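Heads up, the sequence shown stops at 293 in this note's numbering, and the numbers go up one at a time, no gaps.
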Amino acid sequence: MNSHPPLNAAFELASDWPQLLSQAQQLAQSFSLGGHGRRRAGPGDVFWQFRPAQAGDALRSIDWRRSARADEQFVRENEWQAAQAVQFWVDNSAAMQFSSHGESKQHRAATIALALAILLNQAGERVGTSDGALPPQTGRAQISALAQAVARRTSHDFGTPITTDLIPNSLAVFASDFFGDLAALRQRVTRAAALRVQGVLLMVLDPQELDFPFQGRTLFESMAGSLRHESQNADDLRPAYFQALEERQAQLANLAQHLGWQFFIHHTDQPASGALRDLYHALEYRR
């Protein structure tokens, strides 16, 4: 029998947010950034690269000293220095509290998201939440406020990102198990893309959700206690479960690809550093 006690009430603020912040800081410190770059030419004082001159380049943009050393003309480009806004949503629903080995999906998702925000903040970017409750800002106080925001918990079974306050042309990071209403998720991510928001979907799963180790008579109950299903032989459910999981992952990948976003899957028994690296480089490409 597999049963989980329901979450009887919403927690306004998880009391472990200082520990979450500490773990995220350690994760960020262990991540080797190399040279930070926004990988775009534009206004700024930091030299980025020389590139061959192209038709339409103004004469004043030619670097004549560099061009004198070659048989062609070169343009000196500086690095784009305008701070980018990156808005986060970490699913805080009851389903994300599940853990088969000690660390919940929400805690892992929040740790990765917060470590990413720390790295972005160090690079001069503005970070905040997608619901508008924490507008994008820089600074250590903002990171502390974000830690409190992503540590909050609710008693809802499943979560859907809130995108009503996304800033046009910003970046977004949505972390969840994405077991909720797919139509609602599609509608909100599509709305974000219509605002020219580029982003990343990070699917966080527990090892037990990947293995489906249940046998015999089993009672399946949602973390909030509102959904229940009793099976006399859980083995019979395994093929259908794996098919449903694969279909959900394929739907998420297709949604991201269609809208120009990126989709990653992370398991909580894997090192968090791998997911952090994937997210950072995905956003670095877009900044």
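No residue lacks a Cβ here, since even glycine has one placed at the ideal position from N, Cα and C. Please read these numbers as outputs of a predicted model, since none were measured by experiment.
- Under the 10 Å beta carbon count, E253 is surrounded by fewer than 16 other beta carbons and is classified as exposed.
- Among the bridge pairs identified by DSSP, I271 is matched with M209.
- Judged by DSSP secondary structure, R234 falls outside any alpha helix (DSSP H) and instead within the beta strand (DSSP E) spanning R234 to S237.
- DSSP lists F180 as the bridge partner or partners of W95.
- The beta carbons of L152 and V133 sit about 6 Å from each other, so the pair counts as a contact at 8 Å.
- Residue environment analysis places P58 among the exposed positions, since fewer than 16 neighbouring C-beta atoms fall within 10 angstroms of its C-beta.
- V81 is bridged by DSSP to R57 and I68.
- Each residue's CA atom was taken as its position, placing L282 and A64 some 40 Å apart.
- As a beta-bridge residue in DSSP terms, L225 pairs with E236.
- Rounded to whole angstroms, the Cβ separation of V210 and K111 is 5 Å, and the two are in contact under 8 Å.
- Between D217 and T224, the alpha-carbon positions lie close to 15 Å from each other.
- The three-state reading of DSSP puts G165 in coil, since its state is none of H, G, I, E or B.
- Ranked by how close their Cα comes to the Cα of W23, the residues A100, A101 and R159 have R159 in first place.
- In the three-state DSSP reduction, T170 falls in the coil class, being neither helix nor strand.
- Contact check for I149 and A123: beta-carbon distance about 6 Å, within the 8 Å limit, so the pair qualifies.
- Between P245 and L201, the C-beta gap is not smaller than 8 Å, which leaves the two residues out of contact.
- Only residues of its own chain outside the window of five on either side were considered, and among them A89 have a CB closer than 6 Å to the CB of G130, listed in chain order.
- Looking at A278, S105, S182 and A155, the one whose alpha-carbon comes closest to that of L208 is S182.
- Distances from the alpha-carbon of A240 to those of Q221, Q249, P167 and E227 put Q221 closest.
- By the neighbour-count definition (other C-beta atoms within 10 Å, threshold 16), Y286 is a buried residue.
- Selection R197, G266, A147 and P142 evaluated against V206 yields G266 as nearest (Cα-Cα).
- Our two residues, Q60 and Q79, have alpha carbons roughly 9 Å apart in a direct line.
- Nearest to Q154 by alpha-carbon distance, out of L289, S28, A288 and E290, is S28.
- Note on geometry: alpha-carbon atoms of D171 and A139 lie some 9 Å from one another.
- Counting C-beta atoms within 10 angstroms of its own C-beta, D212 has 16 or more neighbours from the protein chains shown and is therefore classed as buried.
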